[in-house]
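What follows is a single structure, written as structure tokens, with notes after it.
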Amino acid sequence: MRSIVLYFIIFLFFIGTGFFVYEFLMKNKDWAFSSVNRHLSQGIISQGKILDRSGLILAETENRKRKYSDNEKIRKALLHVVGDGCAFIPTSIQSLYKSELFGYNYVTGFGMPSLLGFSQDLTLTLDSKICSKASESFKDKKGTALAYNYLNGEIICMVSLPTYDVMNRPILKNDDKYEGVYLNRAISSSYTPGSVFKIFTALAALDLIKDADKRSFSCNKIKLVDGEKIVCMKNHGKINLKEALCKSCDIAFSDIALELGKEKMTEKMNQFGFNSKLPFDKLELSASSYNVSNSSSGGLGWSGIGQYTDKLNPIHMLKIMGAIANGGICVEPYIVKSMKMNSYFSETKLKSPGLTKFLNTESADKVKEMMRYTMKNSYGDSKFSGIPMCAKTGTAEVGNNKFPHGWMVGFSYDKSFPIAFVVIVENGDFGIKSAGPIAAEMVKNIYNRFKNDKII
Ligand SMILES: [Zn+2]
4 MRSIVLYFII FLFFIGTGFF VYEFLMKNKD WAFSSVNRHL SQGIISQGKI LDRSGLILAE
64 TENRKRKYSD NEKIRKALLH VVGDGCAFIP TSIQSLYKSE LFGYNYVTGF GMPSLLGFSQ
124 DLTLTLDSKI CSKASESFKD KKGTALAYNY LNGEIICMVS LPTYDVMNRP ILKNDDKYEG
184 VYLNRAISSS YTPGSVFKIF TALAALDLIK DADKRSFSCN KIKLVDGEKI VCMKNHGKIN
244 LKEALCKSCD IAFSDIALEL GKEKMTEKMN QFGFNSKLPF DKLELSASSY NVSNSSSGGL
304 GWSGIGQYTD KLNPIHMLKI MGAIANGGIC VEPYIVKSMK MNSYFSETKL KSPGLTKFLN
364 TESADKVKEM MRYTMKNSYG DSKFSGIPMC AKTGTAEVGN NKFPHGWMVG FSYDKSFPIA
424 FVVIVENGDF GIKSAGPIAA EMVKNIYNRF KNDKII
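Counted the way our numbering counts, the sequence shown spans residues 4 to 459.
Take a look at the structure:
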């Protein structure tokens, strides 16, 4: 009898040990990062470096302290991408890639010297100098600027304003200047799109209305829809789709929304990525929304020109710019280029980015030509120093007597310089006046770096 009890105790011991080993192996990272063990992840141990695409150090650990770039402008420009080390910016690399940066060893936990540990250095696709210049060009305005290679998915520029210096943190509370400072606006915001939404309405028209690009629309400046006024900037008279996009005719695009109706517009916008949380890196983007379920006819008309309740996420728009440039297929944008364990290991290239077919090829190609026409005839190639671009601006009314949000979105026509971009300036006034110069400077800077350093 005694031996049975003994065997039973031994049996329990092995079960218990087995459970512990299983838990240890499967959940070690959870333990290490749990709040009771917070001391482990706050500065005591070494974290991997974060580098930009040219190998410039954006963050590293020195004497058990996290250090950032020596250049204040770069620190400010890349705050939202790199993070502040205090987990205030949950979408940053230091939060998302915490376990890769810290490393973890089954035998020693975090106790391994960093040379032998499993912490990894992360190289980003971003160019810190281009980010720094783009961030500076916002001056005291809020917003975001993005640029990516639409053939391989590498994001070259991603900045979000307002920002602050991680090495010299100001008092952020109750200061309008720092409203929403922890948000990476590119990832976690959705803005009223204004006229850049006409790109989506044009795509829907080309998909669903036969010969949409050959017929003409009629603009008399003011149109009454069930008693609601839709007002255009000008009396454009008879106008075709290409001219309507170039001149940003509100009547033509509200007519398309009304002609297609709520159901077809919603179906198309869903196909184009609205009303769902699109993936980006290890995250989901703030959803773009298109919802006309309770709208009046006037509301439906306004929805076709990017007002009503339309909302658009900046990275979603960047993906669509990439898709139009690329025959309807978006090469998914990403920011971590490679990881490297330590000097004994070679670099791990991350898996190639996914492809998303957002658009029909034929409609995408037609809109590409229309956006090229708009660039040449409405804004002028000289704005981008003669680099052949396709673009559309937007000026989104936001109410409350505030200045509208200014947008400029586009991409290069020539695939030998495959760059797509999105710039938004909050309360910046007209898109061409506010976002236009920031976009032009960013694209020119990328072009010059490309020419000299073959960065793409
Ligand atoms: Zn008009």
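Just so you know, even glycine gets a beta-carbon here, dropped at the ideal spot from N, CA and C.
Just mark residue i as buried or exposed, buried being the case when its beta carbon has 16 or more other beta carbons within 10 Å.
i: Ser57; result: exposed
i: Cys160; result: buried
i: Arg78; result: buried
i: Lys232; result: exposed
i: Ser291; result: buried
i: Asp258; result: buried
i: Pro173; result: exposed
i: Asp179; result: exposed
i: Cys222; result: buried
i: Glu287; result: exposed
i: Ser419; result: exposed
i: Lys68; result: exposed
i: Asn448; result: buried
i: Glu246; result: buried
i: Lys360; result: exposed
i: Glu65; result: exposed
i: Asn297; result: exposed
i: Lys371; result: buried
i: Glu350; result: exposed
i: Glu26; result: With a pLDDT of only 49 at Glu26, under 50, the local geometry of the prediction cannot be trusted, and the value read off the model is given with reservation. Answer is exposed; the Cβ neighbour count stays below 16.
i: Lys271; result: buried
i: Lys454; result: exposed
i: Glu365; result: exposed
i: Lys136; result: buried
Excluding the 5 residues flanking residue i on each side, which residues of the same chain have their C-beta closer than 7 Å to its C-beta?
i: Arg41; result: In this prediction, Arg41 scores a pLDDT of 41, lower than 50, which makes its location untrustworthy; no coordinate-derived value is stated.
i: Thr398; result: Gly197, Ser198, Pro407, Gly409, Phe433 and Gly434
i: Glu63; result: Lys52 and Lys70
i: Asn363; result: Asp210 and Gly331
i: Ala90; result: Ser98
i: Thr204; result: Phe256, Ile259, Ala260 and Gly307
i: His319; result: Gly276, Leu281, Leu288 and Ser291
i: Tyr416; result: Arg375, Pro391, Met392 and Cys393
i: Ala215; result: Ala208, Leu209 and Leu244
i: Lys241; result: Ser219 and Ser221
i: Thr269; result: Tyr293 and Val295
Can you give me the Cβ contacts of residue i inside the same chain, cut-off strictly under 6 Å, excluding the 5 residues immediately before and after it?
i: Ser37; result: The predicted model places Ser37 with a pLDDT of 44, which falls under 50 and marks its position as unreliable; any figure quoted below should be read in that light. Cβ within range, chain order: n/a, list empty.
i: Lys352; result: Ser341
i: Lys226; result: Ile233 and Ile254
i: Asn177; result: none
i: Val428; result: Lys144, Gly146, Gly409, Ser437 and Ala438
For residue i, collect the residues of the same chain with a Cβ closer than 8 Å to its Cβ; drop the 5 residues on either side in sequence, then sort them by chain order.
i: Glu400; result: Thr195, Gly197, Gln310 and Pro407
i: Leu261; result: Val228, Ser300, Leu303, Gly304 and Gly307
i: Asn404; result: none
i: Ser72; result: Leu59, Ile60, Leu61, Ala62, Arg78, Leu81 and Ser131
i: Ser138; result: Lys76, Lys79, Ala80, Ala148, Val162, Leu164 and Thr166
i: Leu175; result: Tyr167, Tyr181 and Val184
Below 8 Å on the Cβ atoms is my guess for residue i versus residue j; work out the distance and round it to an integer in Å.
i: Lys386; j: Val412; result: Not really, about 14 Å apart at Cβ, beyond 8 Å.
i: Asp253; j: Val234; result: 7 Å
i: Asp284; j: Leu164; result: At roughly 21 Å, the Cβ-Cβ gap does not stay under 8 Å, so Asp284 and Leu164 are not in contact.
i: Tyr153; j: Ala438; result: Contact doesn't hold; Cβ gap of about 19 Å is too wide.
i: Phe414; j: Cys393; result: 6 Å
i: Gly409; j: Phe433; result: 6 Å
i: Gly156; j: Pro356; result: 4 Å
i: Ser251; j: Lys201; result: 7 Å
i: Gly325; j: Lys144; result: That belief does not hold up - the Cβ atoms of Gly325 and Lys144 are roughly 25 Å apart, past 8 Å.
i: Asp124; j: Lys343; result: 5 Å
i: Ile441; j: Ser140; result: 5 Å
i: Arg188; j: Thr128; result: Not confirmed; about 19 Å, so no contact.
i: Thr377; j: Leu244; result: The pair is not a contact, with the Cβ atoms about 11 Å apart (cut-off 8 Å).
i: Thr126; j: Leu206; result: About 36 Å; that fails the 8 Å criterion.
i: Ile133; j: Met445; result: 7 Å
i: Asn278; j: Tyr293; result: 6 Å
i: Ile158; j: Pro336; result: 5 Å
i: Val295; j: Lys265; result: 5 Å
i: Ser192; j: Thr94; result: Their Cβ separation, rounded to whole angstroms, is 11 Å, which puts Ser192 and Thr94 out of contact at 8 Å.
i: Ile338; j: Val169; result: Not really, about 18 Å apart at Cβ, beyond 8 Å.
i: Tyr151; j: Leu321; result: 6 Å
Is residue i near ligand 2, with its Cβ less than 7 Å from a heavy atom?
i: Thr364; result: Looking at this structure, you won't find ligand 2 anywhere; what it does contain is ligand 1.
Please write down, chain order preserved, every residue whose beta carbon lies under 5 Å from a heavy atom of ligand 1. Cys222, Cys235, His239, Cys252 and Ile254
Runs of alpha helix (DSSP H) lying entirely within the region 102-182, each at least 4 residues, in chain order: Listed in chain order, the alpha helix (DSSP H) runs fully inside the region 102-182 are 131-139, counting runs of at least 4 residues.
Ignoring anything shorter than 4 residues or poking outside the region 227-303, list the alpha helix (DSSP H) runs there in chain order. 244-249 and 253-274
Please give the ranges of any beta strand (DSSP E) in the region 194-232, keeping only runs that are unbroken, at least 3 residues long and fully inside the region. Within the region 194-232, the complete beta strand (DSSP E) runs of at least 3 residues are 219-222 and 225-228.
Along the chain, which unbroken stretches of the alpha helix (DSSP H) at least 4 residues long are found entirely within the region 352-379? 364-377
Considering only residues of the region 57-90, which uninterrupted alpha helix (DSSP H) runs meet the minimum length of 4 residues and lie entirely inside it, listed in chain order? Runs found: 75-80 and 82-85.
Within the region 381-407, note down every full beta strand (DSSP E) run reaching 3 residues or more, in order along the chain. 392-399
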